Each structure stands twice: as C-alpha cells, then as structure tokens.
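See below for the structure under consideration.
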Amino acid sequence: MIISQRYTAFRQFGWLFFILELALVFCGVFIALQVDNWDRDQERRDGLVEMLERIEIELNLNEDIIAQSNALAAGGEPQRRAVFEILERCEAETDWRLPLNEVINDLLRDFSPALSSITLEQLNRRDPYLDLLSPAFRTALSAYTNQLLEEQRQLAFNASLRWSQHVWSHPLVTVGEGFAMLQVADSASLDMLCQDNDFRRQLFVSAGFVMSTTTRLKRFATYMETFRAALAQEQQQLLQGA
Numbered sequence: 121m122i123i124s125q126r127y128t129a130f131r132q133f134g135w136l137f138f139i140l141e142l143a144l145v146f147c148g149v150f151i152a153l154q155v156d157n158w159d160r161d162q163e164r165r166d167g168l169v170e171m172l173e174r175i176e177i178e179l180n181l182n183e184d185i186i187a188q189s190n191a192l193a194a195g196g197e198p199q200r201r202a203v204f205e206i207l208e209r210c211e212a213e214t215d216w217r218l219p220l221n222e223v224i225n226d227l228l229r230d231f232s233p234a235l236s237s238i239t240l241e242q243l244n245r246r247d248p249y250l251d252l253l254s255p256a257f258r259t260a261l262s263a264y265t266n267q268l269l270e271e272q273r274q275l276a277f278n279a280s281l282r283w284s285q286h287v288w289s290h291p292l293v294t295v296g297e298g299f300a301m302l303q304v305a306d307s308a309s310l311d312m313l314c315q316d317n318d319f320r321r322q323l324f325v326s327a328g329f330v331m332s333t334t335t336r337l338k339r340f341a342t343y344m345e346t347f348r349a350a351l352a353q354e355q356q357q358l359l360q361g362a
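Per my numbering, the sequence shown runs over residues 121 to 362.
Encoded structure:
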C-alpha cells in the first residue's frame with residue numbers, strides 16, 4: 121500500500137516536472153523569437169535612419185545645383201537686357217556686335233540642371249522601410265517624389281525644346297574664326313537684325329527658356345523646403361523612438 125502511494129506520487133510529480141520543463145522550453149523559444157524580431161526591427165530602423173540621412177544629403181545637393189543654375193542665369197541677365205534694348209532702339213551708332221555675340225554664346229550654356237532622385241526612389245521601393253514611416257511623412261514623401269520626378273521631366277522637355285528653337289540655328293549666326301565662338305555674320309547689319317522677325321523671335325525665345333527654367337527652379341525650391349521640414353520631424357521621431 122505504501123509502495124503504491126509512493127509510486128503514484130512519483131508519477132504525479134514526474135508529469136509536473138515534465139510540464140514545467142516544457143513550459144520553460146516554450147518560454148525560451150518565445151523570448152528568443154521576440155529578441156530576434158526586436159533585432160530585425162532595430163536593424164530596419166537603423167537602415168531607415170541612414171537612408172533618411174542620405175535623402176537629406178540629396179536635398180542639399182539639389183539645393184546647391186539649383187543655386188548654381190540660378191546664379192548662372194542671373195549672371196547673364198544684365199547683358200541680355202542690354203542687348204534687347206539695343207535691338208529695340210536699333211541705333212546703328214551703338215556698339216552692338218560684341219555684346220550681341222556674347223549673349224548668343226552665353227545662351228549656349230546648360231541652364232537645365234539634372235536634379236538627383238536616386239536615394240528617394242530607393243526609399244520608395246523599400247516596403248520594410250516605408251512601413252516604419254509615419255502616415256504624415258509618407259504623404260509628404262509621395263507628394264515630394266511626384267514633384268521632383270515631374271520637375272525632372274519638365275526640365276528635360278524644356279531643354280530639348282529650347283535647343284530646337286535656339287538662336288544659334290538662325291542663318292545670320294555663324295561660327296567665328298578658329299571655331300572659338302558663335303557670332304553674328306559680318307554681312308549682317310544691326311538694321312537687318314532689327315527687321316528680321318525670326319532672329320528677334322529666336323533670341324527672345326532662347327532667353328525666355330532661361331527665365332522659365334529659373335522660375336521653375338525657384339518654385340521647386342519652396343517644395344524642397346516644405347519636404348525638408350517634414351523630413352527633419354520624421355528623423356527626430358525615429359531617433360526618439362529608437
């Protein structure tokens with residue numbers, strides 16, 4: 121009787137120990153999975169923080185590109201205005217040939233910069249990173265991405281259209297001695313240019329594209345600043361939640 125009771129007690133406690141061991145195993149596995157998930161989340165968060173820093177660098181780069189392009193356009197503005205006034209007055213005694221040649225050659229510069237969007241497009245393809253972003257920043261990111269891509273398309277289109285209408289293709293514009301620069305043909309007089317509507321139109325159109333590009337870039341710079349503010353706020357939230 122006593123032996124039977126002891127055997128029964130051993131069996132009961134044995135099952136209890138087994139259940140406890142099994143529970144400990146499950147707890148260990150659960151904790152390990154939670155730690156692994158935490159590590160993965162932290163790894164994604166760190167990757168997102170690094171990518172947002174690269175987007176900030178890309179913003180700074182585009183800001184510098186726009187500033188340089190606008191400075192280039194602004195640098196030639198006084199000369200362009202002076203030449204337009206010469207053609208408007210059309211006074212032959214004015215020293216017109218040299219400033220006109222300088223403006224024609226200045227208009228050959230590249231006034232349509234290439235804005236960078238590499239990191240921005242990479243982020244938009246990384247769903248694990250996008251899932252960590254706040255809804256407000258995802259909206260700001262989508263809006264800015266669309267604005268940037270549209271600006272890139274418009275700049276490329278305007279540049280192509282500008283070259284197709286450029287004054288360099290006019291018959292009275294020739295290559296100077298030694299192929300150093302373009303110039304108005306020696307046979308062309310100021311009065312001839314003033315009366316040539318095609319020449320005047322192409323010159324104004326060439327300059328107009330420069331002004332149009334500058335206006336677009338200044339407007340886009342305001343979009344950049346709005347996105348920069350949203351980016352800074354998102355970066356701060358991510359660092360606080362790390």
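All C-beta atoms, glycine included, are put in the ideal place defined by N, C-alpha and C. From a predicted model like this one, the values you see are computed outputs, not experimental measurements.
Short Cβ contact (8 Å threshold) for residue i with residue j
i    : j    : result
E271 : L235 : yes
L292 : A305 : yes
E222 : Q242 : no
N278 : F329 : yes
N190 : T334 : yes
V287 : L192 : no
I186 : T239 : no
V203 : L220 : yes
L313 : F319 : yes
A350 : F257 : yes
Secondary structure of residue i, DSSP reduced to three states
i    : result
L302 : strand
T214 : coil
L243 : helix
D166 : helix
S309 : coil
A336 : Residue 336 is actually Arg in this sequence, not Ala. Helix, per DSSP.
L351 : helix
Buried/exposed call for residue i, threshold 16 Cβ in 10 Å
i    : result
M344 : buried
A352 : exposed
N182 : buried
S307 : exposed
I206 : buried
L281 : exposed
The alpha helix (DSSP H) enclosing residue i, as first and last residue numbers
i    : result
V293 : Here V293 belongs to no alpha helix (DSSP H); instead the beta strand (DSSP E) covers V293 to V295.
R282 : P255 to S284
A234 : Run containing A234: none; DSSP gives neither H nor E here.
L207 : E197 to R209
is_contact[residue i, chain B] using C-beta, thresh 8 Å
i    : result
A350 : In the structure shown, chain B does not exist; there is a single protein chain.
Check: residue i C-beta below 7 Å from any heavy atom of the ligand SAH
i    : result
R320 : This structure does not include the ligand SAH; it has no bound ligands of any sort.
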